[in-house]
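Inspection log for the structure reproduced underneath, given as structure tokens.
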Amino acid sequence: MIKGAYVHIPFCEHICYYCDFNKVFIQKQPVDDYLNALDKEISEGLSRAESDLETVFIGGGTPTALDNQQFHKLLKIIDRHLITPKIKEYTIEANPENLNETKFKLMKDYGVTRLSLGVQTFQNDLLKEIGRPHSCDDVIDIFQEARLSGFDNISIDLMFGLPNQTEKMLKESIEKAMILEPDHISIYSLQVEPKTIFYNRMKKGKLHLPGQDVEANMYELVISELDKHGYIHYEISNFAKKGFESRHNLLYWSNEQYFGFGAGSHGYVQNSRVVNAGPVKNYIQLVEETGSGQFASHTVTRKEKIEEELFLGLRKLSGVKKKRFYEKFHCQINDLYGEEIERLKQQGLLYEDEEKIALTRKGVFLGNSVFEAFLA
Ligand SMILES: C[S@@+](CC[C@H](N)C(=O)[O-])C[C@H]1O[C@@H](n2cnc3c(N)ncnc32)[C@H](O)[C@@H]1O
Ligand code: SF4
Numbered sequence: 051m052i053k054g055a056y057v058h059i060p061f062c063e064h065i066c067y068y069c070d071f072n073k074v075f076i077q078k079q080p081v082d083d084y085l086n087a088l089d090k091e092i093s094e095g096l097s098r099a100e101s102d103l104e105t106v107f108i109g110g111g112t113p114t115a116l117d118n119q120q121f122h123k124l125l126k127i128i129d130r131h132l133i134t135p136k137i138k139e140y141t142i143e144a145n146p147e148n149l150n151e152t153k154f155k156l157m158k159d160y161g162v163t164r165l166s167l168g169v170q171t172f173q174n175d176l177l178k179e180i181g182r183p184h185s186c187d188d189v190i191d192i193f194q195e196a197r198l199s200g201f202d203n204i205s206i207d208l209m210f211g212l213p214n215q216t217e218k219m220l221k222e223s224i225e226k227a228m229i230l231e232p233d234h235i236s237i238y239s240l241q242v243e244p245k246t247i248f249y250n251r252m253k254k255g256k257l258h259l260p261g262q263d264v265e266a267n268m269y270e271l272v273i274s275e276l277d278k279h280g281y282i283h284y285e286i287s288n289f290a291k292k293g294f295e296s297r298h299n300l301l302y303w304s305n306e307q308y309f310g311f312g313a314g315s316h317g318y319v320q321n322s323r324v325v326n327a328g329p330v331k332n333y334i335q336l337v338e339e340t341g342s343g344q345f346a347s348h349t350v351t352r353k354e355k356i357e358e359e360l361f362l363g364l365r366k367l368s369g370v371k372k373k374r375f376y377e378k379f380h381c382q383i384n385d386l387y388g389e390e391i392e393r394l395k396q397q398g399l400l401y402e403d404e405e406k407i408a409l410t411r412k413g414v415f416l417g418n419s420v421f422e423a424f425l426a
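Residue numbers 51 to 426, in my numbering, belong to the letters of the sequence shown in order.
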């Protein structure tokens, strides 16, 4: 039974230097045709698989890059197909520079429960250096406006390991974030991805990144500062006040199935991992012709399901529950991976008790080494 739906809006008002997500500059894009295609894809997609949705997440790109009218149309489509009284969490990703009173009001009217705000850092110079168009003051103003509009569940995205960022700058960013008291924080270390401006700069030797040791210190700093302020570290890159963990993202990490709608989105439906066409025009054409945006799919084998259960599940600091694993796969984790578990325990990367296996504090820093052990 499918419990979550992700909807991708691949438009942005500007392109950040680090970003390789599926997105295009919004000007001159066929946004209305895109929304019509989304309408059709969602309605037909829902009829093809059994669902009992509890979470909806509209991400991007930048959903709030749509103008007020387009944004209203999007919310109507989502409302018509996906929103039922059973929805427990309805998130929209938003950028500070394109939120306004009308969009806040629309989101409230359509029952959006959670706002995920892209902040990245609280230094104006650094914001410019990574290609963000907003300032720290914009973030503070918009955050306060969101609270006044009645949003009592706000997440912010931050980044570390940015060019020329020091530990002191990161500490200052966290301190400023703490003044706002967000309910949830996602914080990622910069990944330099091909086809980004940063990647080209790196190739020319013009990107000055903190070294690996500094990056590890930064992560340590994030963990200790957020712990001091009462945030629960519940996933490698995610922290929440009690009760504000992202239900939608927990579906991914718990290896549950979910719909992915929109250009370039990923879904996990009827035991298949599916990927939609990425380019906006291809996606629209595909949906018009077939009712689905699907470009590729892969039926997940039992072995892959088990591997995914472990490497996704271990991202959660609460780990993988042995009972749940047995109920899903009718075998014990230890019978399959006894040797690997013992080795990782000896290396101090994994903790085990009667109920679960979970990353240790050392394991949280070296997550990839742990995950690799469970891959063939
Ligand atoms: C793709 S963005 C979409 C949300 C929104 N448009 C924004 O700019 O905040 C989601 C988040 O992914 C993170 N992100 C994007 N590219 C990244 C990269 N190359 N390395 C690390 N984190 C990245 C950023 O924190 C960003 O807020
Ligand atoms: S980080 Fe957000 S705003 Fe920047 S290019 Fe990526 S999706 Fe667009």
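Positions of the beta carbon are idealized from the N, C-alpha and C atoms, including for glycine.
Values in this document were obtained by computation on a predicted structure and should not be read as measured data.
Inset, instruction - Report the residue from 84, 62, 68 and 51 whose alpha carbon sits nearest the alpha carbon of residue 245. - result: 68
Inset, instruction - Would you be able to state if there are at least three C-beta pairs under 8 Å between the stretch 253-265 and the stretch 74-86? - result: no
Inset, instruction - Answer yes or no: do residue 114 and residue 298 have a C-beta to C-beta separation smaller than 8 Å? - result: no
Legend entry - For residue 310: DSSP bridge partner residues: 56
Legend entry - DSSP-derived helix/strand/coil call for residue 180: coil
Legend entry - Of the residues 186, 154 and 332, the one placed nearest residue 201, counting alpha carbons only: 154
Inset, instruction - Taking only heavy atoms of ligand 2 into account, decide whether any of them is closer than 7 Å to the Cβ of residue 136. - result: no
Inset, instruction - Select from 361, 137, 122 and 90 the residue whose C-alpha is nearest the C-alpha of residue 106. - result: 137
Inset, instruction - Report all residues from its chain with a CB closer than 7 Å to the CB of residue 273; omit the five preceding and five following residues, and keep chain order. - result: 283
Inset, instruction - Evaluate the contact criterion for the stretch 121-136 versus the stretch 62-79: three or more CB pairs, one atom per stretch, below 8 Å. - result: no
Inset, instruction - With hydrogens ignored, establish whether the beta-carbon of residue 141 is closer than 7 Å to any heavy atom of ligand 2. - result: no
Legend entry - Range of the contiguous alpha helix (DSSP H) that encloses residue 137: Note, residue 137: premise wrong, no alpha helix (DSSP H); not H, not E.
Legend entry - Where the alpha helix (DSSP H) containing residue 361 begins and where it ends: 352-363
Legend entry - Beta-carbon spacing of residue 286, residue 414 below 8 Å: yes
Legend entry - Separation of residue 174 from residue 57, as counted between CA atoms: 31 Å
Legend entry - Same chain only: Cβ atoms within 7 Å of residue 421, ignoring 5 sequence neighbours per side: 361 and 364
Inset, instruction - With DSSP as the reference, label residue 366 as helix, strand or coil. - result: strand
Legend entry - Sequence-distant residues of its chain with Cβ nearer than 8 Å to residue 370 (five each side left out): 359, 360, 363, 364, 383, 406, 407 and 408
Inset, instruction - List the endpoints of the continuous beta strand (DSSP E) containing residue 288. - result: 288-290
Inset, instruction - Tell me whether residue 73 counts as near ligand 2, meaning its Cβ is closer than 7 Å to at least one heavy atom of that ligand. - result: yes
Legend entry - Backbone CA spacing between residue 161 and residue 257 [nearest angstrom]: 43 Å
Legend entry - Buried or exposed (CB count within 10 angstroms, at least 16 for buried), residue 192: buried
Legend entry - Outcome for residue 62 when other beta-carbon atoms lying within 10 angstroms are tallied against a minimum of 16: buried
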